[in-house]
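> To start, I am sharing the structure in question, which I have written as structure tokens.
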Amino acid sequence: MRETSEIDLSRTLLNWYDHHARSMPWRVGPADRAAGVVPDPYRIWLSEVMLQQTTVAAVREYFLRFTSRWPTVQALAAAPDDQVMGEWAGLGYYARARNLLKCARVVTDDHGGAFPDTYDSLLKLPGIGPYTAAAISAIAFDRSETVLDGNVERVMARFFDIHDPLPGSKPQLKEKAAVLTPRQRPGDYAQAVMDLGATICTPKSPTCGICPLRDPCQARMAGTQPDLPRKTPKKPKPTRYGHIYIAQAEDGALLLQRRPDKGLLGGMLGWPGSDWSEAPAETPPFSAQWHSLPGEVRHTFTHFHLILRIWTAPLPENTIPNGLLVMAKHAFRPGDLPTVMRKAHDLWRNR
DNA sequence: CATGCGTGGTA
DNA sequence: TTACCAAGCAT
1 MRETSEIDLS RTLLNWYDHH ARSMPWRVGP ADRAAGVVPD PYRIWLSEVM LQQTTVAAVR
61 EYFLRFTSRW PTVQALAAAP DDQVMGEWAG LGYYARARNL LKCARVVTDD HGGAFPDTYD
121 SLLKLPGIGP YTAAAISAIA FDRSETVLDG NVERVMARFF DIHDPLPGSK PQLKEKAAVL
181 TPRQRPGDYA QAVMDLGATI CTPKSPTCGI CPLRDPCQAR MAGTQPDLPR KTPKKPKPTR
241 YGHIYIAQAE DGALLLQRRP DKGLLGGMLG WPGSDWSEAP AETPPFSAQW HSLPGEVRHT
301 FTHFHLILRI WTAPLPENTI PNGLLVMAKH AFRPGDLPTV MRKAHDLWRN R
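The first sequence lines up with residues 1 to 351 when you count with full-length UniProt numbering.
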């Protein structure tokens with residue numbers, strides 16, 4: 001009896017996907033795809049960018065709001081920056097939103113509004129890296145490209161019982177994933193591996209008993225699957241501190257700041273404040289009787305913990321400090337703020 | 001190639 | 001409470 005071939009394995013996964021594919025607003029499911037329904041590259045691109053390091057549950061609402069407001073790449077390209085950043089607020093990794101707009105404008109202006117369909121051409125676009133280029137190429141255009149995301153890394157590390165730690169083992173995992181990538185139904189296959197990783201071959205407590213690949217899985221044979229994939233340890237997060245100043249005029253207008261495009265929370269709306277460091281200076285945006293609010297705002301970013309003290313004062317008439325903006329009460333929506341700034345607003349509003 | 005870059009869910 | 005983790009990219 002011959003060994004299980006790669007083609008058999010991909011067919012096994014596709015068959016599992018045909019019965020267990022998750023339903024998502026941007027996805028053309030296996031039945032529809034088989035019936036000839038073609039995905040909209042704009043929606044695939046938008047979902048893939050939103051899904052970078054972000055859970056499906058978090059993305060769902062954002063995707064629906066974005067596509068409702070901007071149904072085409074041309075519509076998105078024509079949108080004002082502030083509105084797109086505001087709509088992205090809360091989703092995190094805000095460079096994605098800035099690159100999203102850049103990319104929409106390149107596609108609209110330089111590609112006639114049609115997304116390119118090859119890995120290499122997609123890779124040139126802002127915000128599209130190796131994973132996203134492969135994903136769009138495979139899912140939107142049904143090209144046989146190999147996607148390698150966190151799910152696929154985990155599935156491959158376990159299936160082949162690879163103990164070398166990430167991220168160093170990435171090229172090895174990509175090779176393994178490429179060998180399994182079929183020429184038939186590559187778009188469905190890409191989504192099948194990721195669905196398997198998200199629902200069965202999960203990081204903790206994988207449910208190997210119901211896995212379609214349980215028999216040939218090498219880590220399961222060895223009993224090592226709970227420990228894979230190995231990862232190089234992460235550095236501990238330091239704690240930083242900061243001051244935030246919230247000033248309101250008698251008519252309800254608020255003093256805000258548009259943050260510079262580069263760096264943390266780049267391009268987002270926020271409150272003026274100090275730098276965030278071990279011992280930040282107290283630097284209010286204008287002289288007044290500032291009062292610090294009881295309590296503090298705690299927030300954790302990717303690479304540090306932050307503890308903020310919130311100060312408040314009345315905003316005098318005709319006061320707009322350099323580089324800041326005064327936003328009318330009716331124009332201000334807390335939902336346009338990144339989460340840490342929204343937390344500061346919540347503490348202030350409930351003062 | 002290591003680092004910077006968000007947020008919310010989960011154990 | 002803390003740490004880990006999620007369909008990564010840019011530099």
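Where a beta carbon is used, it is the ideal one built from N, C-alpha and C, also for glycine. Just so you know, these numbers come straight off a predicted model, no measurement behind them.
Determine which residues share a DSSP beta bridge with S292 and list them.
In the first sequence, the residue the question calls residue 292 occupies position 292. Beta-bridge pairing links S292 to W311.
> Considering only residues of the segment 222-248, which uninterrupted beta strand (DSSP E) runs meet the minimum length of 3 residues and lie entirely inside it, listed in chain order?
Runs found: 239-248.
> Can you list, in chain order, the residues of its chain with a C-beta nearer than 7 Å to that of R185? Leave out the 5 residues immediately preceding and following it.
The residue labelled residue 185 in the question sits at position 185 within the first sequence. Around R185: L14.
> Suppose you measure from the CA of H19 to the CA of D195; what does that come to, to the nearest Å?
As a first step, residue 19 must be located in the first sequence, where it is residue number 19. As a first step, residue 195 must be located in the first sequence, where it is residue number 195. Those two C-alpha atoms are separated by around 12 Å.
> Once you ignore the five residues that flank V28 on each side, which residues in its own chain have a CB closer than 8 Å to its CB?
In the first sequence, residue 28 corresponds to position 28, counting from 1. Taken in chain order, the residues that qualify are V37, V38 and P39.
> For Q191, which of I7, L9, D8 and P30 has the nearest alpha-carbon?
Your numbering for residue 191 matches position 191 in the first sequence. Measuring from the Cα of Q191, the nearest candidate turns out to be P30.
> Assuming L255 contacts P338 (C-beta within less than 8 Å), just tell me the rounded distance between them.
Here residue 255 refers to the residue found at position 255 of the first sequence. Here residue 338 refers to the residue found at position 338 of the first sequence. Going by Cβ atoms, the distance from L255 to P338 rounds to 17 Å, so no, they are not a contact pair.
> Report the rounded CA-to-CA distance for C208 versus M24, giving the unit in angstroms.
Here residue 208 is taken as the residue at index 208 of the first sequence, counted from 1. Here residue 24 is taken as the residue at index 24 of the first sequence, counted from 1. So the alpha carbons of these two residues sit roughly 24 Å apart.
> How many whole angstroms separate the CB atoms of S292 and A281, which I take to be in contact at a CB cut-off of 8 Å?
Within the first sequence, numbered from 1, the residue matching residue 292 stands at position 292. Within the first sequence, numbered from 1, the residue matching residue 281 stands at position 281. Their Cβ separation, rounded to whole angstroms, is 15 Å, which puts S292 and A281 out of contact at 8 Å.
> Which residues mark the beginning and the end of the beta strand (DSSP E) in which G148 is found?
The residue given as residue 148 occupies position 148 in the first sequence. For the record, residue 148 in the displayed sequence is Leu; it is not Gly. First-last for L148: undefined, no H or E at that position.
> Who does R298 pair with in a DSSP beta bridge?
Looking up residue 298 in the first sequence gives position 298. I307.
> For the pair the segment 237-251 and the segment 203-218, tell me if three or more CB-CB distances fall below 8 Å.
Too few Cβ pairs lie closer than 8 Å, so no.
> Let me know if I7 comes out buried or exposed under the rule of 16 or more other beta-carbons within 10 Å of its beta-carbon.
Counting from one through the first sequence, the residue named residue 7 turns up at place 7. So I7 counts as exposed.
> Starting from residue 412 and walking both ways along the beta strand (DSSP E), at which residues does that stretch end?
Coverage of the chain is limited to positions 1 through 351, which leaves residue 412 absent and any answer about it impossible.
> Using a 10 Å radius around the Cβ and a threshold of 16 neighbouring Cβ atoms, would you call G267 buried or exposed?
Counting from one through the first sequence, the residue named residue 267 turns up at place 267. So G267 counts as buried.
> Among W45, P126, L324 and R298, whose alpha-carbon lies nearest the alpha-carbon of R98?
Counting from 1 along the first sequence, the entry for residue 98 is found at position 98. Answer by Cα proximity: P126.
> Which residues share a DSSP beta bridge with residue 368?
Past the edges of the chain, shown from 1 to 351, lies residue 368, and the structure says nothing about it.
> Determine the contact status of residue 426 and T312, defining contact as a CB-CB distance below 8 Å.
The structure shown does not extend to residue 426, since the chain is modelled only from 1 through 351, so no value can be given for it.
> Tell me whether the beta-carbon of A344 lies closer than 8 Å to the beta-carbon of I310.
Taking the first sequence and counting its residues from 1, the one referred to as residue 344 is at position 344. Taking the first sequence and counting its residues from 1, the one referred to as residue 310 is at position 310. Taking 8 Å as the Cβ cut-off, A344 and I310 qualify as a contacting pair.
> Do you know whose CA, among K262, V340, F160 and E61, lies nearest W271's CA?
Translated into the one-based positions of the first sequence, residue 271 becomes position 271. Per the Cα distances, V340.
> Buried or exposed, going by whether 16 or more other CB atoms sit within 10 Å of the CB of residue 376?
Not covered by the structure: residue 376. The range shown for the chain is 1 to 351.
> Only counting runs of 4 or more residues, tell me where the alpha helix (DSSP H) segments fall wholly within the segment 143-187, in order along the chain.
As far as the segment 143-187 is concerned, its whole alpha helix (DSSP H) runs of at least 4 residues are 150-159 and 170-180.
> Is I44 near I200, with beta carbons less than 8 Å apart?
The residue labelled residue 44 in the question sits at position 44 within the first sequence. The residue labelled residue 200 in the question sits at position 200 within the first sequence. Contact flag unset, no.
> Tell me which same chain residues have a C-beta within less than 7 Å of the C-beta of A89, skipping the five on either side of it?
Taking the first sequence and counting its residues from 1, the one referred to as residue 89 is at position 89. Only M268, G335, D336, L337 and P338 meet the Cβ criterion.
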